[in-house]
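J.:
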Amino acid sequence: MTLLKKTALMVIFLLSLSGAAGAREREIRIAMWKLPLNLPAMAAADGRVYERSFEGEYKIRYIDLPSGPKQVQAMAAGELDIAEGLGAAAALVGIANGADITIIGANSRSPEAFAIVVKNPKIRSVSELKGKKIGGLRGSVVHQLFVELMNKEGISEKDVEFYSMTLRTAASSLIAGRVDAALLAGTEILRAEKGGCRILSDGKGHIDGLSLIVA
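Residues in the sequence shown are numbered consecutively from 115, following this note's numbering.
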């Protein structure tokens, strides 16, 4: 049995327990984050795998929600049924905070898809970010990486000016010089590099970089 079929069966079971599907005219809402590390999920959407799995039973609606913490919040509020490509950090934080979500499987493992990116050529190590402005999404996988690397250097988030923002906003802010470092993933790393930025450190050897399927 394929992972997508297992996912479909698990979702049907969870929806039957909640009774939510009948109240919403049997609709399944899926968050799809279009990043390179989520290629399995994107291929499933392009191939209409969910539509075929639930044909005649449920209507499938895809929602563009490019934020792990926001996906968890939406699921906790009953506004989302499946999160495709949810970062492990956001999922575990959500579960720890009482969110009623279930990890069904993993799309991919790609630690190098998460990175701390800078533009100033004088910044050569994470320790040199002390006192600097950092842009990133709090609670995300790359935020987990950032905290871990700072701790290894004996500094904490209190030692920097941290501004929580989406990956796209963080990349744009770094390119424009509004922040000194950005916590990025996937295509936003490439966009920042085209804007004259470079990778200071990525997740290889530090994090698993898991992309999860959660319902």
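Note that beta-carbon positions come from the ideal geometry of N, C-alpha and C, so glycine has one too.
Any idea which residues DSSP pairs A354 with across the strands?
T.: Here the chain covers residues 115 to 329 and nothing more, so residue 354 does not appear.
J.: Any idea if S270 is buried or exposed, counting beta-carbon neighbours within 10 angstroms, 16 or more meaning buried?
T.: exposed
J.: In three-state terms, what does DSSP make of G310?
T.: In the three-state scheme derived from DSSP, where H, G and I count as helix and E and B as strand, G310 is classed as coil.
J.: Kindly indicate which three-state DSSP category S222 falls into: helix, strand or coil?
T.: strand
J.: Is A290 buried or exposed, if buried means 16 or more other CB atoms sit within 10 Å of its CB?
T.: Around the beta carbon of A290, fewer than 16 other beta carbons lie within 10 angstroms, which makes this residue exposed.
J.: Given this structure, state the Cα-to-Cα distance separating K246 from V293, to the nearest angstrom.
T.: Their Cα atoms are separated by approximately 8 Å.
J.: Within 10 angstroms of its Cβ, does S167 collect 16 or more other Cβ (buried), or is it exposed?
T.: buried
J.: Going along the chain, which residues of its own chain have a beta-carbon closer than 8 Å to the beta-carbon of E165, five neighbours each way excluded?
T.: I174.
J.: Can you tell me the Cβ-Cβ gap for I327 and A159, rounded? I've got them flagged as a contact below 8 Å.
T.: I327 to A159, Cβ: 13 Å. No contact.
J.: Starting from E275 and walking both ways along the beta strand (DSSP E), at which residues does that stretch end?
T.: E275 to S278
J.: Determine the closest residue to N211 out of Q187, E302 and E171, with distance taken between C-alpha atoms.
T.: Q187
J.: Find the nearest neighbour of I313 within the set E169, A329 and A227, judged by alpha-carbon distance.
T.: A227
J.: With DSSP as the reference, label Q187 as helix, strand or coil.
T.: In this structure, Q187 counts as helix in the three-state DSSP scheme.
J.: Look up I177 in the DSSP assignment and give the residues it is bridged to.
T.: A145, per the DSSP bridge assignment.
J.: Just to confirm, are A203 and D316 a CB contact at a threshold of 8 Å?
T.: no
J.: Enumerate in chain order the residues of its own chain whose CB-to-CB distance from V232 is below 6 Å, with the five nearest sequence positions on each side excluded.
T.: A295 and L314
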